[in-house]
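Written out below as structure tokens is the structure these notes cover.
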Amino acid sequence: MENPKYTADYSKFDPEAYCSTNFRTIEGPVGQKQMRLFIFDSLQEIYNSGEISGEMLLDVGTGPTVYNLTSAAPHFSNIYLSDFSEVNRNAVWRWLINDPQANDSSHFFEYVSGRQKKGTASSCLEDDLRSRIKGILHCDMTQPNPLFPSMFPPFDAISSSLCLDVVPSGTLVGYQAAAKNVTSLLRPGGWVVLVGSLGCNFYRFGNCRYPAIPMTSSNLKQIWTDIGFTIKVWKQYDMTEADMAVNQTSDSKGMFCMAAKKEN
Ligand SMILES: C[S@@+](CC[C@H](N)C(=O)[O-])C[C@H]1O[C@@H](n2cnc3c(N)ncnc32)[C@H](O)[C@@H]1O
């Protein structure tokens, strides 16, 4: 990871390098184990509450990995993945069709299955998610209609992980605009389930370094409230000094998981 190249070009994103840096094991890169388990455990708790369910779920900025959907599948009949980058859409497509070249996601499902009381086999959880995915769409969160030209009735829920954090303007105003664009696709009373970073200026993998917006919990709560959401669940993990010192993949100070309801 010497002299990484600064870029914000998502058409040149390298899905294999991203996954091998971040997702080869459930524990993630050095210093991130607790934070990683926090994300899986928080999402499992949020979805298992049973409050967030419906016909249609859209995941925005899926990238090459479905880890943030491991607990979502049983609660939605039709799940759509979406991303700006064609290489990422292709990478997640390879996982969907069980291509041997796909990034291995089985350890995510093994972890989630191990924490379930009923202990559904991990391969069943993974296949169940596959069977509910009805499309992988182009999406641009900077546009007023991010899925254009695809047309859908309003979604019951929208999930997203580490995508709004990388909105190209790099500003809070840009973040808020992207959040509004994305949630224009959501029905009133629908849910957003969001994973994001705190205090992160950049992340890196392979020989690339991508910018991010260094959000604080108060920025985030303010923005989501201002655009008409009630935050029902807020979970936050603050990295320890020791973990930050060994983290080579970003300058993140922590992560959050949020479930928020669209009021009208
Ligand atoms: C840091 S990756 C996160 C990927 C994955 N969701 C995760 O949690 O690991 C950021 C993702 O946002 C996508 N992205 C970047 N700009 C976008 C845009 N304007 N609209 C939608 N997705 C975008 C990238 O292609 C990439 O897949």
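Per numbering that gives the first Met the number 0, the sequence shown runs over residues 0 to 263. Backbone N, C-alpha and C define an ideal beta-carbon position, used for all residues, glycine too.
In this structure, the straight-line span from the alpha carbon of S251 to that of D127 is close to 33 Å.
K252 sits in coil when the DSSP states are folded into three classes, being neither helix nor strand. Using a 10 angstroms sphere on the CB of Y5, the tally of other CB atoms stays under 16, which defines it as exposed. According to DSSP, residue pairing for A258 in a beta bridge involves V192, V232.
Looking at S10, Y17, M34, F12, the one whose alpha-carbon comes closest to that of A241 is M34. Taken in chain order, the unbroken stretches of beta strand (DSSP E) that lie wholly in the segment 140-173 and span 3 residues or more are 154-160. Per DSSP, the unbroken alpha helix (DSSP H) holding L95 starts and ends at 85-95.
For L163 against M140, the beta-carbon gap comes to about 7 Å, under 8 Å, which counts as contact. Per DSSP, the beta-bridge partners of C207 are K4, F204. With respect to W190, I135 sits apart: the two C-beta atoms are not nearer than 7 Å. Residue pairing of H137 in beta bridges, as defined by DSSP: D82.
For E44, no beta strand (DSSP E) encloses it; the enclosing alpha helix (DSSP H) starts and ends at 32-47. By the neighbour-count criterion, in which 16 or more other beta carbons inside 10 Å mark a residue as buried, Q115 falls on the exposed side.
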